[in-house]
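Residue numbers (our numbering), protein chains in the order written: chain H, 1 to 110; chain D, 111 to 220. Below: one structure, written as structure tokens.
Protein chains: 2
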Amino acid sequence: MGATKTDAFTTDQLTIASMAKALGHPARIAIVEYLLSVQTCICGDIVNHLPLAQPTVSQHLRELKNADIIKGTIEGNAICYCINPKAMELIGAYFLKIAASSLLLNQKCC
Amino acid sequence: MGATKTDAFTTDQLTIASMAKALGHPARIAIVEYLLSVQTCICGDIVNHLPLAQPTVSQHLRELKNADIIKGTIEGNAICYCINPKAMELIGAYFLKIAASSLLLNQKCC
DNA sequence: AATCTATATCGTAATATTGCAATATAATAA
DNA sequence: TTATTATATTGCAATATTACGATATAGATT
């Protein structure tokens with residue numbers, strides 16, 4: 001055991017969970033915030049900005065990219081990264097919708 | 111190595127990351143969605159609803175509770191769980207804000 | 001071609017997560 | 001008091017994540 005039972009959940013649940021998981025590490029939140037502040041940058045800029053080694057940053061970038069949170073385009077011998085607004089909107093709206101619904105329905109709760 | 115460098119990040123980054131991490135598993139997303147649909151329930155209801163053993167569900171509930179995503183109040187010998195709308199609003203608004211900001215700023219990006 | 005720059009990948013150690021059987025705890029019911 | 005019911009905790013195996021040194025890859029520069 002130890003492996004997630006992926007076949008027990010809906011595609012939507014798996015998608016939201018994988019996005020949340022990608023955002024579930026402080027280094028990756030820091031990367032997203034940095035990307036937001038500079039709009040676009042290359043991996044090396046992030047390495048200079050965070051106290052993490054280059055392979056570690058590269059690994060975090062790959063996870064964010066796999067979850068569709070960021071986009072990367074080749075620019076010469078570097079790669080230009082930026083936030084994917086659609087992904088952030090999808091997950092943000094999902095959680096806000098749950099907040100609004102539960103606020104309306106939770107009157108008789110704990 | 112292998113341990114997250116928590117001292118390298120801000121409190122806000124750690125908070126958002128820990129909430130996202132808690133929501134970063136399909137079973138926990140399924141639990142939140144179930145809680146939303148029934149407003150409030152006890153652990154046993156979730157065990158009946160998901161193909162997971164009781165200790166596994168209990169563990170997922172604890173992680174959601176540690177991240178402040180759900181609340182639990184003792185009700186006799188059972189525990190009544192429900193969503194914490196404030197937490198869902200906090201993380202939803204955070205991601206939506208990033209989506210909106212990056213949409214405005216990302217014109218010259220990839 | 002040789003070198004530099006930027007990033008990815010490999011390999012690996014340390015650590016964390018997932019899932020469950022067995023068991024413990026605690027309130028309720030008989 | 002002795003079940004019964006509802007959860008939590010313990011212990012453990014399987015798996016996944018995190019971090020980084022070493023190395024590979026690929027485009028740019030000299």
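Note that CB positions come from ideal geometry on N, CA and C, so glycine has one too.
* Asked: Is the beta carbon of Ala8(H) sitting closer than 8 Å to the one on Leu160(D)?
  -> Yes.
* Say whether chain D places a C-beta atom closer than 8 Å to the C-beta of Gly44(H). => Chain D contact via Cβ: absent.
* Cβ of His60(H) less than 8 Å from any chain D Cβ? -> Cβ-Cβ to chain D under 8 Å: no for His60(H).
* Asked: Using a Cβ-Cβ distance under 8 Å, would Pro195(D) count as near chain H?
  -> With 8 Å as the cut-off, Pro195(D) counts as an interface residue toward chain H.
* Separation of Thr150(D) from Lys196(D), as counted between CA atoms -> Each residue's alpha carbon lies about 16 Å from the other.
* Asked: If you run the structure through DSSP and keep just helix, strand and coil, what is Gly182(D)?
  -> The DSSP-derived three-state label of Gly182(D) is strand.
* To do: Check the Cβ of Leu174(D) against every Cβ in chain H and list those closer than 9 Å, keeping chain order.
  => What Leu174(D) touches in chain H: nothing, since even the nearest Cβ is about 12 Å away.
* Asked: So Ile78(H) is in the beta strand (DSSP E); what residue range does that whole segment cover?
  -> Here residue 78(H) turns out to be Ala, not Ile, going by the sequence shown. Here the beta strand (DSSP E) through Ala78(H) covers Ala78 to Ile83.
* Cβ-Cβ separation, Ala137(D) to Leu171(D) (assumed contact under 8 Å), whole Å -> Actually they are not in contact, since the Cβ atoms of Leu171(D) and Ala137(D) sit about 10 Å apart, beyond 8 Å.
* Asked: By the 10 Å Cβ neighbour count, where 16 or more other Cβ atoms means buried, how is Glu63(H) classified, buried or exposed?
  -> The residue in question, Glu63(H), is buried, as its Cβ has 16 or more Cβ neighbours within 10 Å.
* Can you pull the chain H residues whose beta carbon is under 9 Å from the beta carbon of Gln123(D), in chain order? => Neighbours of Gln123(D) across chain H, judged by C-beta separation under 9 Å: Pro26, Ala27, Ile29, Ala30 and Glu33.
* Asked: Would you call Ser18(H) buried or exposed, if buried means 16 or more other Cβ atoms sit within 10 Å of its Cβ?
  -> It is buried - the Cβ of Ser18(H) has at least 16 other Cβ atoms within 10 Å.
* Take Leu214(D) and list the residues in its own chain whose beta-carbon comes closer than 7 Å to its own, dropping the five residues that flank it on each side. => The same chain holds no residue with a CB closer than 7 Å to that of Leu214(D) once the five nearest residues on each side in sequence are set aside.
* To do: Would you mind listing the alpha helix (DSSP H) stretches within the segment 16 to 80 of chain H that are 4+ residues and don't spill past its ends, in chain order?
  => Whole alpha helix (DSSP H) segments, 4+ residues: 26 to 38, 43 to 49 and 54 to 66.
* To do: Below 7 Å CB to CB, which residues in the same chain sit around Cys192(D) once its five sequence neighbours on both sides are set aside?
  => Taken in chain order, the residues that qualify are Leu145, Gln149, Thr150, Ile180 and Lys181.
* Give a yes or no on whether 8 Å exceeds the smallest Cβ distance from Gln39(H) to chain D. => Closer than 8 Å to some Cβ of chain D, the Cβ of Gln39(H) qualifies, so yes.
* To do: Pick out whichever of Ile141(D), Thr125(D) and Glu143(D) has its Cα sitting closest to the Cα of His25(H).
  => Of Ile141(D), Thr125(D) and Glu143(D), the residue nearest in Cα terms is Thr125(D).
* For Phe95(H), three-class secondary structure by DSSP -> Reduced to three states, the DSSP call for Phe95(H) is helix.
* Asked: Would Val157(D) pass as a contact of Val142(D) if the rule is Cβ separation under 8 Å?
  -> Contact flag unset, no.
* Indicate whether at least one CB of chain D lies closer than 8 Å to the CB of Gly76(H). => For Gly76(H), the nearest beta carbon of chain D is not closer than 8 Å to its own beta carbon.
* Helix, strand or coil for Glu121(D) per DSSP? -> The identity of residue 121(D) in the sequence shown is Thr, whereas the question assumes Glu. DSSP places Thr121(D) in the helix class (H, G or I) of the three-state scheme.
* Asked: Going straight from the alpha carbon of Met198(D) to that of Ile29(H), what length do you get?
  -> If you draw a straight line from the Cα of Met198(D) to the Cα of Ile29(H), it comes to about 17 Å.
* Using a C-beta cutoff of 8 Å, does Pro165(D) count as contacting chain H? -> No, no contact with chain H.
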